[in-house]
Structures are given as C-alpha cells and as structure tokens.
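*Asks:* Attaching a single structure in structure tokens format; questions to follow.
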Amino acid sequence: MKKIFFILLLALLCCTFGCSSQPETNVQVETSESSNAPEETQDSSESENMDIRAPLTPPEDANKSSYINLNEQNKKQNGAGAYIQGDWLYCKSYNSDGKPYFVKMRKDLSEFTVLDYGYARYITISDGILYYSIGSDKGNIGIYKMNMSGDNKEKVSSSYGPFQIVNDKIYYVNIYYDGVVSPDVTSEDMYNLYRCDLDGSNIEKIISKPVFFFFVFGDEILYQDDRDGSALHIFNMETNDDLRINDMTSFCPIYDGEYIYYAGLKEPDTTSKIWRIKPDGSENTLVSDTPVMDRIVVTDNHIYFANLDDSARLYRINKDGTGKQLISQEKNTAEIQVFDSTEQYPVLRYITYTDDWKHTIDAYYAELDGANKITELAPIEDYT
Numbered sequence: 022m023k024k025i026f027f028i029l030l031l032a033l034l035c036c037t038f039g040c041s042s043q044p045e046t047n048v049q050v051e052t053s054e055s056s057n058a059p060e061e062t063q064d065s066s067e068s069e070n071m072d073i074r075a076p077l078t079p080p081e082d083a084n085k086s087s088y089i090n091l092n093e094q095n096k097k098q099n100g101a102g103a104y105i106q107g108d109w110l111y112c113k114s115y116n117s118d119g120k121p122y123f124v125k126m127r128k129d130l131s132e133f134t135v136l137d138y139g140y141a142r143y144i145t146i147s148d149g150i151l152y153y154s155i156g157s158d159k160g161n162i163g164i165y166k167m168n169m170s171g172d173n174k175e176k177v178s179s180s181y182g183p184f185q186i187v188n189d190k191i192y193y194v195n196i197y198y199d200g201v202v203s204p205d206v207t208s209e210d211m212y213n214l215y216r217c218d219l220d221g222s223n224i225e226k227i228i229s230k231p232v233f234f235f236f237v238f239g240d241e242i243l244y245q246d247d248r249d250g251s252a253l254h255i256f257n258m259e260t261n262d263d264l265r266i267n268d269m270t271s272f273c274p275i276y277d278g279e280y281i282y283y284a285g286l287k288e289p290d291t292t293s294k295i296w297r298i299k300p301d302g303s304e305n306t307l308v309s310d311t312p313v314m315d316r317i318v319v320t321d322n323h324i325y326f327a328n329l330d331d332s333a334r335l336y337r338i339n340k341d342g343t344g345k346q347l348i349s350q351e352k353n354t355a356e357i358q359v360f361d362s363t364e365q366y367p368v369l370r371y372i373t374y375t376d377d378w379k380h381t382i383d384a385y386y387a388e389l390d391g392a393n394k395i396t397e398l399a400p401i402e403d404y405t
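Residue numbers (our numbering): 22 to 405.
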C-alpha cells in the first residue's frame, strides 16, 4: 500500500513541475513600462469579462473604417493644411511676401474669404464647427474654433500644435510657434500629450513625455516616442501600458488596418525610407529603398512621397513597393494631402517650396495620378 501511495505521489509531483516548466509560446513585444502579457493562470469569469484585443484592433461593436479613419490620419500626420467640406475648401495660403493666411475658397477657386492671419494647420471640422491651430506674428497663437462662415471665433487653447478631436475631446500637444512659447507651457511639459473638452476646459495630461506623430484609435494612441530613440509606441489609456513596437527612428506612422506604414531611418542610412510593421511589432520590413522626406500619405492602394533621389518631386508606389510612378514635375514637394475619394475633384493637394525650403512657391490640386492639375488663387494683398 505504501509503495502504491509513493508511486502516485511521485507521478503527481512530476506532472506539477513538468507543466510549470514548459516555455511560453507567445513572443512578447518589449514595453517601456510594463508587459502587456496576460497572467498564465486567470479566473475564467474574469477572463470572460475582459476585452482582450491585439494592439489597434477595433472593438467588436466598432465600425472598422471609422476606427482606422485613414483619411484623417493622412491629413493630421501631414499637417492638415486644407480641409474640403461641400463646395468649399478651407486652407492656408500665402501672400506675395510668403506670409501665411487662412482662407475659405470654393473648390473651383472662384471666390475666397480670409478667415484669419497666420500659419494655420490641423484644420478640421467637427459637428459644423471649424477648428484649427495657428501661429502668427500678430500674436494669435493657439487652437481656435469658429463657425463655418468665419464668425464667432473663440480661443480653445494657448497651445500651438497638432490636435485631434475624438468623442468630444481635443487631444493636443504643447509646442511653440516661431520661438514663442505659449504662456501655459513650461519646459517640463513641452510636447506632452493632453486632452480637454471642446471649449478648452477639463484639461488632463495623458502622456508625460514628448510625443510626436500621435493618432488616437479608440482607447489607444499610436505615437513616436522622442525619448526612446524616436521609436514607435502604442499607449493604452485604459491600462497605461506603453508598447514599444520597433527600434528605429520613425516618422509619420499611418495605419491601414493591417500594417503601420512609416518613414523610417535605420543606421547607417542618412535619409528615411518607407517601412511597414504590424501593430504587435512583427513583420517590420522595408517597403522601398527610395530615400524620402519624413512625411508620407497612404491610401487604399498607394503610398505617396517626396522622392529625394529626384529633387523631392512627388511620386507614388503600390503598397508592396512596386510600380514607382512620377506624379508631378514640380520640385521640393511637401505637405501632401489626399482628400476623401467620395469628394469631387480635386482630391490631391501638395505644396512646393524654393530650393532653400524657406518660401512657398504654390499649392497644387490634381487627380490622384497627377492629371488635371490646377493651382490656388494668386495671393491677396499683403498684410502688415
């Protein structure tokens, strides 16, 4: 009887230690603060109630197209210097001395109205209200909102920089304009990520470190972490997990629902090239070895970029890196935008600069393949 008991006890111990020493099968991506890996043992009732999703996966009840929001990603990551609403185009433009102003014009460029003076960016429309970030030597610096007609202008925040409106909240970073720091910005919170209500109240700090190229997807934020070698991170606002997904300098990340495309700088290269990676950090691969500017645009079928091998002229390639095509003969292209394909012509916008990149030459509109190109209106009278 003792021998039988000893054999049973030995078998039980072997089973217990053998099971606990098996290696994990899931490879965990490095995080900057804590691991996202679930506990190996978890109460079944708790597990059933948890919404465990892979990074940047929309909830089951979410509309995938609205969650990914490819058009808004492209606009925001490229400065959103223009916005189309109905028959009107809201955009920044320049006078003959190169000074910027913010205008409303018809898409056929037949008439326009000056809305504000200064360098307007991140132009967006939410629930019939026009929002924009502006910096000016006239002193108006910050995030503003107004009616579509240009009336009832209100200052939302003294912070000048990129912002995004999500679920009646404004997500923004504190930065400066032309060396002038907003009065409510300190060196400690420069470029930190905040959010507030649409009227600027109820300010909350979301990420306490310099954040660049951010975009909010539900309760997650894709961004470039300046203090982590400019690598890409995904921050979860519910859990505070901060997932590091690559290990190279990364600009302008745009997620199409399958891959994050970005302009990446990998040693020993001295210029960026186009890469793509899965949100979990896998399949980080080079898409094109053409040197590019640090901003790209990703559509359903193509990637648009300024080709540094050809004087920064505008090109596009297929998303697998094939089929490189010249779109425009103009040199020194920047601030590329592709508008929603449901809108009428024009759908492609880009700006060209002088060789020293200090002055704007013109803004152009064209079809996606570069055909039927037109230019903006001639500059209006100078302002002082």
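Where a beta carbon is used, it is the ideal one built from N, C-alpha and C, also for glycine.
1. Should the region 84–96 be regarded as contacting the region 108–127, the criterion being three or more beta carbon pairs within less than 8 Å?
2. Are the CB atoms of Val313 and Ser293 within a distance shorter than 9 Å?
3. Do you know offhand how far Thr375's Cα is from Ile191's?
4. Exposed or buried, what is Arg316 when buried is set at 16 or more other beta-carbons lying within 10 Å of its beta-carbon?
5. Per the DSSP calculation, Ser114 is bridged to which residue(s)?
6. Would you tell me roughly how many angstroms separate the C-alpha atoms of Ser222 and Ser178, rounded to the nearest one?
7. Applying the 10 Å Cβ sphere with the 16-neighbour rule, what's the burial state of Arg337?
8. Whole angstroms are fine: how far does the CA of Gln106 sit from the CA of Glu288?
9. Can you tell me the Cα-Cα spacing of Thr306 and Leu369, whole angstroms?
10. Can you tell me where the alpha helix (DSSP H) with Glu93 in it begins and where it stops?
11. Quickly, what does DSSP pair Asn257 with across the bridge? List them, please.
12. Beta-carbon separation of Ser21 and Ile186 under 9 Å?
13. Give every residue of the same chain whose Cβ lies closer than 6 Å to the Cβ of Ile144, excluding the five residues on either side of it in the sequence, and list them in chain order.
14. Do Asn257 and Ile298 have their beta-carbon atoms positioned less than 9 Å apart in this structure?
15. Would you report the Cα separation of Asp310 and Tyr386, rounded to the nearest angstrom?
16. Compute the minimum distance between the beta carbon of Phe233 and the heavy atoms of the ligand MN, and state whether it is under 8 Å.
17. Buried or exposed: Pro80, going by 16 or more other Cβ atoms within 10 Å of its Cβ?
18. At the level of alpha carbons, what is the spacing between Asp1 and Gln245?
19. Alpha carbon to alpha carbon, how far is Glu225 from Ser349? Give it in angstroms, no decimals.
20. Go ahead and pull the three-state DSSP assignment for Asp249.
21. Count the other CB atoms within 10 Å of the CB of Glu279; is the residue buried (16 or more) or exposed (fewer)?
22. Quick check: the Cα distance between Lys120 and Glu397, rounded to an integer number of angstroms?
23. By the three-class DSSP mapping on this structure, what secondary structure does Leu389 have?
24. Does DSSP classify Glu209 as helix, strand or coil?
25. Tell me whether Ser154 sits in a helix, a strand or coil according to DSSP, three-state version.
26. For Ser180, does the count of other Cβ atoms within 10 angstroms reach 16, so buried, or fall short, so exposed?
27. Here's the rule: buried if 16 or more other CB atoms are within 10 angstroms of the residue's CB, otherwise exposed. What is His380?
28. Suppose you measure from the CA of Glu351 to the CA of Thr270; what does that come to, to the nearest Å?
29. Got a sec? Which residues, its chain only, sit under 7 Å from Leu219 by beta carbon, not counting five neighbours each side?
30. What residue does the beta strand (DSSP E) around Ile144 start on, and which one ends it?
31. Going straight from the alpha carbon of Ser66 to that of Glu259, what length do you get?
32. Give the secondary structure of Asp330 by DSSP, where H, G and I count as helix, E and B as strand, and everything else as coil.
*Replies:* According to the data block:
1. no
2. yes
3. 34 Å
4. buried
5. Tyr122
6. 9 Å
7. buried
8. 42 Å
9. 27 Å
10. Leu91 to Gln98
11. Glu241
12. Because the chain is modelled from 22 through 405, residue 21 falls outside the range shown and cannot be assessed.
13. Ala101, Tyr104, Tyr111 and Tyr153
14. no
15. 27 Å
16. This structure simply doesn't include the ligand MN, nor any ligand for that matter.
17. exposed
18. No answer is possible for residue 1: it lies beyond the span of the chain, which begins at 22 and ends at 405.
19. 43 Å
20. helix
21. exposed
22. 15 Å
23. coil
24. helix
25. strand
26. buried
27. exposed
28. 28 Å
29. Asp189 and Ile191
30. Tyr140 to Ser147
31. With a pLDDT of only 36 at Ser66, under 50, the local geometry of the prediction cannot be trusted, and the value read off the model is given with reservation. Roughly 20 Å separates the two Cα atoms.
32. helix
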